[in-house]
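Residue numbers (our numbering): 2 to 594. In this text, a Cβ means the ideal position worked out from N, Cα and C, and glycines have one as well. Model, not experiment: these values are computed from the prediction. The block underneath contains the structure these notes are about, expressed in structure tokens.
This is the structure:
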């Protein structure tokens, strides 16, 4: 009697084929008894939250497919969690159990999976089969078929056909077919009568319940340019179930040691010659050109061009051109041109731009930093820092802007903020609603003091000065002229001062002023003055002031510089340079607002 082993094997494949639907489950949370009282007109999401809190697990679902906002009512229930979910949601939903979670999924349709294992001419094992719809027997295209222990997967073609080349084949397979809106279906494929289920003993799996509010590398136009349509469908079908692997090596996305399954595998070591598309990294990843990771990256990631991370990054990340983390990043991030992160904490360096929704730590950009909320630390930009709020310190070569509160600002030209809690230093202009310590030539502080003053001193100069600032510090810019036939000259006055006493009737200000004096014929000379100016407020807007000034005059030639004050020290060097210390008296009238 001749026995056709191939026919026997095929018979066993069909006989043992088990469409393990969503309602086939392991003993666990789904089998626990649930006792609840009457539920009347409550949101489904609230009911699920209460059940999960009592069972010490979480429900994971997509709001787009689970009616979380629907109103449900249930008379007192006593039974398994599975039965309760079935009652709340109905037959069109499946329930999966993973460590710490019960996953709810809309799956109104069912798959039918057939497969068999054969050897090709090179004696390599290949599994071939079809995926169909149970009801109408129509082929199902672009369904994902995978073996999670061997980390292999593929998509069905337009005829519902698939092939998988096996590696590390041990004599049994557990194939799973999945597709959006279908229940997962699994099939044991046995090439011989000796049935041995031997999954990889050290294989580990992970589930990500969050959908990141729609933020994923699949939604990034930049990343999608490098990901094939088949890989996008694969990720959609397999969802948030991921396997862990020691390593993977890829040439390009899809040409990987894990094949099409690479997007579902988190690796400890990942080497991408040109580029890779994986689930994530928990160790070290390096690429000649780019790394694209669907979920989290930990510890070290380096790319010749760019990194795109759909989850969070923790550790060190560097790219010659561009880093993009769609969620949180902490540690050190270095981008040759651009860094873009949702929430960053640590040290961030970019050759051109940093874009963060929130950030804290040390943020440095060659040109521009844009942060929604800078929670603390230091920002450096070669040109501009722009934030909504900044609790730390901002340094910019040209311009700092904060739409809300800020700690301190230092800019080469202009600072703009709403409320400044520390110092505000600008080479030209400070603008704020409230800033006690602005240091700039012109300060437009909403709750600060501004004034125009006309004054004179013992050297017969008439000065017209504009003072502006905050509650404590202010800036000064002005001009002066001496109407003297023998020594007619003009001055440009720049400086800053402090309100030492500022009550309703009397005031006391201290100032440091630098005057450049010239008659436009002979060389100009410099006068640095420290002034103490008591004032009498004649009205709300009129102030009379007068006081002494200590002056230091420097001139390349000091033979004909008129000084009418009290000279404390005078020195002329061998080459004719003058150094003069003298005390003068100045006074005038201010228009204050």
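Close-in-space but distant-in-sequence residues of the same chain around residue i (CB under 6 Å, 5 per side omitted)
{"i": "residue 340", "result": "324, 334, 349, 351, 355"}
{"i": "residue 532", "result": "512, 550"}
{"i": "residue 390", "result": "374, 405, 406"}
{"i": "residue 372", "result": "357, 360, 388"}
{"i": "residue 432", "result": "417, 445"}
{"i": "residue 174", "result": "148, 190"}
{"i": "residue 289", "result": "274, 275, 305"}
{"i": "residue 22", "result": "Low per-residue confidence applies at residue 22: pLDDT is 38, beneath 50, and the placement is therefore not dependable enough to give any value."}
{"i": "residue 106", "result": "95"}
{"i": "residue 529", "result": "515, 553"}
{"i": "residue 286", "result": "271, 292, 302"}
{"i": "residue 394", "result": "379, 408, 409"}
{"i": "residue 396", "result": "381, 411"}
Whether residue i touches residue j by CB criterion (8 Å)
{"i": "residue 277", "j": "residue 247", "result": "no"}
{"i": "residue 180", "j": "residue 238", "result": "yes"}
{"i": "residue 548", "j": "residue 587", "result": "yes"}
{"i": "residue 113", "j": "residue 135", "result": "yes"}
{"i": "residue 35", "j": "residue 85", "result": "yes"}
{"i": "residue 521", "j": "residue 589", "result": "no"}
{"i": "residue 425", "j": "residue 409", "result": "yes"}
{"i": "residue 442", "j": "residue 495", "result": "yes"}
{"i": "residue 154", "j": "residue 260", "result": "yes"}
{"i": "residue 132", "j": "residue 61", "result": "no"}
{"i": "residue 583", "j": "residue 594", "result": "no"}
{"i": "residue 31", "j": "residue 98", "result": "yes"}
{"i": "residue 224", "j": "residue 282", "result": "no"}
{"i": "residue 337", "j": "residue 321", "result": "yes"}
{"i": "residue 569", "j": "residue 538", "result": "no"}
{"i": "residue 497", "j": "residue 479", "result": "no"}
{"i": "residue 307", "j": "residue 280", "result": "no"}
{"i": "residue 422", "j": "residue 403", "result": "no"}
{"i": "residue 481", "j": "residue 455", "result": "no"}
Among the options, nearest to residue i - alpha-carbon criterion
{"i": "residue 503", "options": "466, 463, 544, 482", "result": "544"}
{"i": "residue 251", "options": "235, 243, 268, 244", "result": "268"}
{"i": "residue 485", "options": "555, 461, 232", "result": "461"}
{"i": "residue 226", "options": "155, 293, 185, 244", "result": "293"}
{"i": "residue 257", "options": "244, 243, 272", "result": "272"}
{"i": "residue 137", "options": "122, 153, 111", "result": "111"}
{"i": "residue 362", "options": "346, 370, 130", "result": "346"}
{"i": "residue 592", "options": "440, 541, 370, 98", "result": "541"}
{"i": "residue 164", "options": "493, 120, 88", "result": "120"}
{"i": "residue 596", "options": "565, 585, 557", "result": "Outside the displayed range of the chain (2 to 594) lies residue 596, so it cannot be described from this structure."}
{"i": "residue 316", "options": "56, 298, 393, 519", "result": "298"}
{"i": "residue 585", "options": "367, 232, 459", "result": "459"}
{"i": "residue 429", "options": "284, 100, 414", "result": "414"}
{"i": "residue 578", "options": "264, 565, 524", "result": "524"}
{"i": "residue 386", "options": "392, 377, 370, 65", "result": "370"}
{"i": "residue 231", "options": "245, 262, 222, 427", "result": "262"}
{"i": "residue 508", "options": "69, 483, 368, 534", "result": "534"}
7 Å CB neighbourhood of residue i in its chain, flanking five on each side removed
{"i": "residue 109", "result": "93, 182"}
{"i": "residue 575", "result": "none"}
{"i": "residue 142", "result": "157, 158, 159, 161"}
{"i": "residue 473", "result": "437, 438, 499, 500"}
{"i": "residue 5", "result": "At residue 5 the pLDDT is 45, less than 50, meaning the model places this residue with poor confidence and gives no usable figure here."}
{"i": "residue 67", "result": "105, 107"}
{"i": "residue 526", "result": "518, 554, 555, 556, 562"}
{"i": "residue 126", "result": "118, 120, 167, 170"}
{"i": "residue 73", "result": "40, 43, 45, 48, 89"}
{"i": "residue 71", "result": "45"}
Same chain only: Cβ atoms within 8 Å of residue i, ignoring 5 sequence neighbours per side
{"i": "residue 234", "result": "143, 145, 156"}
{"i": "residue 217", "result": "295, 311, 327"}
{"i": "residue 33", "result": "56, 81, 82"}
Residue i at chain E interface by Cβ criterion, 8 Å
{"i": "residue 357", "result": "Checking the listed chains, one finds no chain E in this structure; it contains a single protein chain."}
- Message: With a threshold of 8 Å, are at least 3 pairs of Cβ atoms found where one atom belongs to the region 27 to 42 and the other to the region 59 to 79?
- Response: yes
- Task: Please specify which runs of the beta strand (DSSP E), each continuous and at least 3 residues long, are wholly inside the region 437 to 514, giving them in chain order.
- Result: For secondary structure counted as the beta strand (DSSP E) over 3 or more consecutive residues, the region 437 to 514 holds these complete runs in sequence order: 443 to 446, 451 to 458, 462 to 470, 474 to 483, 490 to 502.
Any chance you could list the beta strand (DSSP E) runs of at least 3 consecutive residues sitting entirely within the region 110 to 180, in chain order? 110 to 120, 126 to 134, 145 to 148, 153 to 156, 162 to 166, 174 to 179
If we require 3 or more residues per run, which beta strand (DSSP E) segments fall completely within the region 76 to 111?
The region 76 to 111 contains these whole beta strand (DSSP E) runs: 78 to 81, 94 to 99, 102 to 107.
If contact is defined by three or more beta carbon pairs under 8 Å, each pair taking one atom from either stretch, is the region 438 to 453 in contact with the region 464 to 480? yes
Requested in this report: Output the residue ranges of the beta strand (DSSP E) runs that lie fully inside the region 376 to 432 and measure 3 residues or longer, sorted by chain position.
Outcome: 385 to 397, 400 to 403, 406 to 412, 415 to 417, 420 to 427
Check your understanding: If you scan the region 35 to 73 from start to end, which runs of the beta strand (DSSP E) of 3 or more residues do you find wholly inside it?
Key -> 40 to 44, 59 to 61, all fully within the region 35 to 73.
request  = Report the residue ranges of all beta strand (DSSP E) runs contained in full by the region 539 to 582; include only those spanning at least 3 residues, in chain order.
outcome  = If only uninterrupted beta strand (DSSP E) runs of at least 3 residues are considered, those enclosed by the region 539 to 582 are 543 to 556, 567 to 573.
* To do: Counting only runs of 3+ residues fully inside the region 255 to 324, write out the beta strand (DSSP E) ranges in chain order.
  => 266 to 273, 276 to 279, 281 to 288, 291 to 294, 298 to 304, 307 to 310, 314 to 320
Just to confirm the assignment: which complete alpha helix (DSSP H) runs, minimum length 4, are found wholly within the region 224 to 253?
The qualifying runs are 230 to 239.
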